[in-house]
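Step one of this worksheet: look at the structure below.
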Amino acid sequence: MGMDDSKGPEVYVVILNWNGWQDTIECLESLFRSRYTRYRVVVCDNGSDDGSLENIKAWAEGRLDLPFSSDNPLRYLAPIPKPVPYVEHDREVRDGDCVEGCTRFLVLVRTGANLGFAGGNNVGIRYALERKADYVWLLNNDTVTDLNALGAMVNVAQSDPDIGAVGSTIYYMDAPNDIQLYGGGWVSFWLGICRHFTTSVSDDKLGYVAGTSLLLRREVLEQVGLLDDKFFMYWEDTDYGIRVREAGWKLAVAPESRIWHRESAALGKKNPVLYTYFNASAVRFFRKFSPLPFVPISVGVGGRFLKRVMQGDWNQAKAVWQGALAGCRE
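Mind the numbering: the sequence shown is residues 1 to 330 in full-length UniProt numbering, read in order.
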């Protein structure tokens with residue numbers, strides 16, 4: 001670790017669940033093996049209708065034994081010991097309510113509705129800030145973490161007080177030696193695109209840190225604010241990276257923080273819903289930050305629309321168009 005973590009900063013890990021309890025349980029199984037021990041886990045259930053919280057509670061109590069999926073890097077390991085102590089709250093806990101047991105290892109929060117990625121995570125962020133967290137780690141539920149993933153991020157953040165956000169090295173779940181993204185990526189305000197880095201780059205090249213694994217310093221959240229919940233899905237991490245940098249904070253990557261990600265597990269890669277949300281958020285992003293938003297919107301969103309048309313993929317072309325219109329209406 002490089003530090004005595006019994007005296008280290010306290011981290012609240014916020015995991016958003018929406019109809020994905022199997023993935024969430026696999027994520028928790030990996031997370032609770034962490035060698036860094038000063039953390040609490042907050043699972044925010046975003047209005048699931050598949051019995052997610054009931055299944056997660058059954059797992060925590062030792063009543064549900066979920067075998068790891070065949071592509072999980074931890075599939076050969078025995079499950080962690082049960083029971084896992086937990087407490088359950090409704091969304092109103094965000095307003096400061098605190099009951100006995102709220103500092104236990106696992107906290108389950110019902111958001112009450114599908115608030116989107118930003119809105120759902122904000123419920124967990126508020127919970128963490130009200131309990132004086134030093135850092136908040138946003139972690140996708142369709143991931144598994146290495147033993148040193150959290151400790152490596154904390155070490156990087158603690159090495160420089162000007163670092164406001166830290167990312168991880170993200171690998172593909174089904175190709176565990178292949179890098180999906182290195183920490184975050186960059187944005188082109190001319191081409192209307194954002195792209196992940198897939199190889200090691202210097203921290204000063206980071207335009208944003210990916211929300212798949214995003215460690216945020218408390219002072220950043222207090223200064224910059226919460227995630228912009230107008231971004232229901234996609235581009236919210238890009239938006240936040242711009243805001244963090246504009247506030248004078250540095251972005252960084254912890255190369256030794258290794259995460260495996262089952263990309264697009266929530267909806268599936270080919271679902272047109274993805275394209276609708278992605279392009280609505282892209283339009284929203286460039287309208288917010290670009291001095292000439294017509295340029296990146298025309299090139300980026302327009303280019304994606306024409307590509308789908310030329311491929312004869314009318315469902316996805318329609319989804320791009322609908323997303324663009326939704327983004328322009330706001």
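No residue lacks a Cβ here, since even glycine has one placed at the ideal position from N, Cα and C.
query                                                                                                                                                                                        : result
To which residues does DSSP link threonine 143 through a beta bridge?                                                                                                                        : His261
On the criterion of 16 or more Cβ atoms from any shown chain inside 10 Å, does valine 273 qualify as buried, or is it exposed?                                                               : exposed
What span of residues does the beta strand (DSSP E) with leucine 108 cover, start to end?                                                                                                    : 106-110
Quick one: what does DSSP say leucine 53 is sitting in, helix, strand or coil?                                                                                                               : helix
In terms of residues, what are the limits of the beta strand (DSSP E) holding serine 213?                                                                                                    : 213-217
Evaluate tryptophan 18 with the Cβ neighbour count: other Cβ atoms within 10 Å of its Cβ, from every protein chain shown; 16 or more gives buried, anything less gives exposed.              : buried
Nearest to lysine 288 by CA position, among Gln316, Glu236 and Ala317, is which residue?                                                                                                     : Glu236
Please return the same chain residues whose Cβ sits closer than 7 Å to the Cβ of asparagine 55, not counting the five positions on each side in sequence.                                    : Trp21 and Leu64
Would you list, in sequence order, the uninterrupted beta strand (DSSP E) runs of no fewer than 3 residues that lie entirely inside the UniProt domain "Glycosyltransferase 2-like" (13-61)? : 39-45
Measure the alpha-carbon distance for glutamate 222 versus lysine 132 and round it to whole angstroms.                                                                                       : 11 Å
Where does serine 298 sit, in a helix, a strand or coil, going by DSSP?                                                                                                                      : helix
To which residues of the same chain is isoleucine 163 closer than 6 Å at the C-beta, ignoring the five residues directly before and after it?                                                : Ala157, Lys250 and Ala252
Candidates His261, Val309, Pro255 and Val41: which alpha carbon is nearest tryptophan 137's?                                                                                                 : Val41
Taking buried to mean at least 16 other C-beta atoms within 10 Å of its own C-beta, is threonine 145 buried or exposed?                                                                      : buried
For threonine 24, tell me which candidate among Glu256, Val11, Leu129 and Asn46 has the shortest Cα-Cα distance.                                                                             : Asn46
Rounding to the nearest angstrom, what Cα-Cα distance links glutamate 26 and lysine 230 in this structure?                                                                                   : 30 Å
Look up tyrosine 172 in the DSSP assignment and say whether it is helix, strand or coil.                                                                                                     : strand
Helix, strand or coil, according to DSSP, for glutamate 130 in the structure here?                                                                                                           : helix
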